[in-house]
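Heads up: the structure comes next, in structure tokens.
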Amino acid sequence: MLDAAFFRRWLTTAAAAVDREADRLTELDSAIGDADHGSNLQRGFAAVVAALEKEAPAAPGAVLVLAGRQLISTVGGASGPLYGTLLRRTGKALGDEAEVSAGQLAEALRAGVAAVAQLGGAKAGDKTMLDALEPAVAALGDSTQSFAAAREAAEQGALATVPLQARKGRASYLGERSIGHQDPGATSSALLVAALAETAEAAG
Numbered sequence: 001m002l003d004a005a006f007f008r009r010w011l012t013t014a015a016a017a018v019d020r021e022a023d024r025l026t027e028l029d030s031a032i033g034d035a036d037h038g039s040n041l042q043r044g045f046a047a048v049v050a051a052l053e054k055e056a057p058a059a060p061g062a063v064l065v066l067a068g069r070q071l072i073s074t075v076g077g078a079s080g081p082l083y084g085t086l087l088r089r090t091g092k093a094l095g096d097e098a099e100v101s102a103g104q105l106a107e108a109l110r111a112g113v114a115a116v117a118q119l120g121g122a123k124a125g126d127k128t129m130l131d132a133l134e135p136a137v138a139a140l141g142d143s144t145q146s147f148a149a150a151r152e153a154a155e156q157g158a159l160a161t162v163p164l165q166a167r168k169g170r171a172s173y174l175g176e177r178s179i180g181h182q183d184p185g186a187t188s189s190a191l192l193v194a195a196l197a198e199t200a201e202a203a204g
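In this text, residue positions in the sequence shown follow this note's numbering: the first is 1, and each later residue adds one.
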């Protein structure tokens, strides 16, 4: 079972990954966006870590709702509302239980990803974060071992955005010129999924 401490470690691990990869995310975004994806997420996840140190919610769902709220309030552009919605909707789906199973998290994350799709009006194949998130949540199952499969699916999904033409977001303004570039949102989403797998592996 996964408790609130597990979820705090997941988000702290994700924050470290975003910190480490911020320059790369910004570089990817400079090709097809505003060149601020890395710095925006870095600021947002730093705020998440600070809020969790201050409040330390006792339930997994509450951890994610708090994190989502921080991302919405601190991250500029579309990323804040989209990532914030992902975590808040996932957290709300988990409810108030002190511990949740891998299967419950899988179902909750599917609800979170569906909320992102609805908010952004996007689908897999549009060259967005959904190209990493949808395959990832499809790979999640009833055991924490499935988190590694989700990581692989998310990373492959992010790579698969390179030949796609962007249909949503600022990158869509470029039309065919968006082809040949990896989507920064899919790339950062893969980092979030990888952090989940890493946290599960560290927990044994």
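Ideal Cβ positions, reconstructed from N, Cα and C, are used throughout, including at glycine. Model, not experiment: these values are computed from the prediction.
Who are the near neighbours of residue i in its chain, counting only those whose CB is closer than 8 Å to its CB and skipping five residues on each side?
i, result
"L25", "V18, H37, G38, L41, P184, T187 and S188"
Going by DSSP in three states, residue i sits in which element: helix, strand or coil?
i, result
"V75", "coil"
"E152", "helix"
"L164", "coil"
"L140", "coil"
"D29", "helix"
"D3", "strand"
"P135", "helix"
"H37", "helix"
"A194", "helix"
"Q42", "helix"
"G185", "helix"
"G204", "coil"
Spatial neighbours of residue i within its chain, please: C-beta separation below 6 Å, excluding the five flanking residues on both sides.
i, result
"G103", "D142"
"R167", "D126"
"G112", "L86, R89 and T90"
"L11", "V48 and A67"
"A207", "There is no way to answer for residue 207, as the model of the chain reaches only from 1 to 204."
"G80", "L71 and I72"
Would you kindly check if the distance between the Cβ of residue j and the Cβ of residue i is under 9 Å?
i, j, result
"V162", "G180", "yes"
"A124", "D131", "yes"
"R43", "V75", "yes"
"S91", "G61", "Reading off the sequence shown, one finds Gly at residue 91, where the question assumed Ser. Yes; because the gap between Cβ atoms is below 9 Å, this pair is in contact."
"A78", "R170", "yes"
"A116", "R89", "Residue identity differs from the one stated: residue 116 is Val in this sequence, not Ala. Result yes, Cβ atoms of V116 and R89 sit closer than 9 Å."
"A14", "F45", "yes"
"L82", "Q182", "no"
"L164", "S178", "yes"
"P135", "A114", "no"
"F6", "A195", "no"
Would you say residue i faces chain D, with C-beta separation under 9 Å as the test?
i, result
"A124", "Absent from the structure: chain D. Only one protein chain is present."
Select from the options the residue whose C-alpha is nearest the C-alpha of residue i.
i, options, result
"A197", "L140, G169 and S172", "L140"
"V193", "A171, G76, T74 and L86", "L86"
"A106", "A16, L133, A46 and L119", "L133"
"G157", "S172, A190, G169 and S178", "A190"
"A200", "S101, A122 and A153", "S101"
"R8", "D23, M1, D29 and A67", "A67"
Please list, in chain order, all residues of the same chain as residue i whose beta carbon is under 7 Å from its beta carbon, the five residues on each side excluded.
i, result
"G59", "The sequence shown places Ala at residue 59, rather than the Gly named in the question. So the list reads A4, D96, E97 and A98, once near-sequence residues are dropped."
"G33", "R170, A171 and P184"
"T128", "G120, A122, K168, G169, D183, G185 and A186"
"P51", "According to the sequence displayed, residue 51 carries Ala and not Pro. Correct list, in chain order: L66 and Q70."
"T144", "A102 and A200"
Runs of alpha helix (DSSP H) lying entirely within the region 61–131, each at least 4 residues, in chain order:
Counting only runs of 4 or more, we get 79–94 and 102–120.
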